[in-house]
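A short worksheet on the structure shown next.
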Amino acid sequence: MKRCSQGQRLNNKDKGFSQSAYWDHLYNDLTPEDISIKEGENFYPFHYKPRQFFYLEDFFVTCIKGIHHKRIISIGGGIDKIGIYLAKRGNLVTMVEISDVAIHKTLILAKQMNVESNIQINKMDWQASNLHQHADVVIAHDVLHHMDWEKSIDNVFLALKEGGVYISVEPVCLLKCIKFLHKRFPFRSAPYLISQDVELSNKNIDYIRKKFSKVEVSYFDVFTRASVTYILYKLGFRKIIRFLSRMDFFLIRLLPFLKPFSSYVVIKAYK
Numbered sequence: 056m057k058r059c060s061q062g063q064r065l066n067n068k069d070k071g072f073s074q075s076a077y078w079d080h081l082y083n084d085l086t087p088e089d090i091s092i093k094e095g096e097n098f099y100p101f102h103y104k105p106r107q108f109f110y111l112e113d114f115f116v117t118c119i120k121g122i123h124h125k126r127i128i129s130i131g132g133g134i135d136k137i138g139i140y141l142a143k144r145g146n147l148v149t150m151v152e153i154s155d156v157a158i159h160k161t162l163i164l165a166k167q168m169n170v171e172s173n174i175q176i177n178k179m180d181w182q183a184s185n186l187h188q189h190a191d192v193v194i195a196h197d198v199l200h201h202m203d204w205e206k207s208i209d210n211v212f213l214a215l216k217e218g219g220v221y222i223s224v225e226p227v228c229l230l231k232c233i234k235f236l237h238k239r240f241p242f243r244s245a246p247y248l249i250s251q252d253v254e255l256s257n258k259n260i261d262y263i264r265k266k267f268s269k270v271e272v273s274y275f276d277v278f279t280r281a282s283v284t285y286i287l288y289k290l291g292f293r294k295i296i297r298f299l300s301r302m303d304f305f306l307i308r309l310l311p312f313l314k315p316f317s318s319y320v321v322i323k324a325y326k
């Protein structure tokens, strides 16, 4: 199998290599500790451990913990802890995933958590989804920016029942000056980059606003940017990361002019 080193961008057209094979490689390397579910833990991405201290992740949990006895679609959750968490709360969860390794490990985890009867896994590219009017809730945690944005959002809209809600976490870059800096001085601690990857722009967020009847966007991480938190984490200053992240959230609410400097958003969109 062809492998990509950390920070190398995956070209979807690489001969003999597919996105599913790439994700298979990443998920195959995870330890049992990485895929376990612990009481009180949030759902930070396995590849970037500093995110477990981000208030962003705690906020996301508050968005989903009140969901009970609903039909849910979880998109691209990998080893889908979020889907398992929601199944444990009495929801019927359809997981959409392209990695065979992730699917296999999710089934093992579902068996351990005794929620096999509450989940269904479809091996499918979300961009080719045919799930129409299926779900009360669609969840996408840090995933749709790997895909064609408008096509993916169109499929989310089609998948939701009337009155359904789409909840997602996505990276953003809302100012041209910051986008310029990102291009000139890239910093990605994640082990994967895919050719369709984007940091959402105002245009991407506006696309959601035009499709859905009500959209709530919460902004995060002005000071707790990847470059800052990666260094703090390596130095062992984890309480400082948590403090900065919480300060970020409340400062942005107090001073709305900081929103364009955010690096992540949580989106709740109602059909």
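Numbered by our numbering, the letters in the sequence shown go through residues 56 to 326 in order. Don't be surprised by glycine CBs; every beta carbon is placed ideally from N, CA and C.
Bounds of the alpha helix (DSSP H) holding Leu213 are Trp204 to Ala214. With a cutoff of 8 Å on beta-carbon distance, Ala214 and His237 are scored as not near each other. Residue state for Asp155 is assigned as helix, using DSSP reduced to three classes. By the Cβ neighbour-count rule, Ala183 is exposed, with fewer than 16 other Cβ atoms within 10 Å of its own. DSSP places Phe275 in the strand class (E or B) of the three-state scheme. Arg308 sits exposed, since fewer than 16 C-beta atoms from the chains shown fall within 10 Å of its C-beta. Under the three-state reduction of DSSP, Leu255 is assigned to strand. Here DSSP, grouped into helix, strand and coil, assigns Gln74 to helix. The alpha-carbon of Pro105 is positioned some 10 Å away from that of Phe292. Straight across, the Cα-Cα distance linking Lys266 with Trp204 is about 13 Å. In this model, Val224 and Ala195 are separated by some 7 Å (Cα to Cα). Within its own chain, the residues whose Cβ lies closer than 7 Å to the Cβ of Arg126, once the five positions on either side in sequence are excluded, are Leu147, His189, Ala190 and Asp191, listed in chain order. CA-CA distance, Ala157 to Asp197, rounds to 16 Å.
Below 8 Å, enough C-beta pairs join the stretch 168–183 and the stretch 133–152 to call them touching: three or more. Within 10 angstroms of the beta-carbon of Thr284 lie 16 or more other beta-carbons, which makes it buried.
Distance check between Lys231 and each of Trp78, Pro315 and Thr161 places Pro315 closest, using alpha-carbon atoms only. When only Cα atoms are considered, Ala142 and His200 end up about 25 Å apart. For the 8 Å CB-CB criterion, Ile163 and Arg144 do not form a contact.
By a beta-carbon distance limit of 8 Å, Tyr221 does not contact Val253. Their separation comes to about 18 Å. Under the criterion of beta carbons closer than 8 Å, Gly133 and Ser154 qualify as touching, at roughly 7 Å. In the three-state reduction of the DSSP assignment, Met302 falls in the helix class, which pools H, G and I.
Classified as exposed, Phe312 has fewer than 16 neighbouring CB atoms from the shown chains inside 10 Å of its CB. In the three-state reduction of the DSSP assignment, Leu186 falls in the coil class, being assigned neither a helical nor a strand state.
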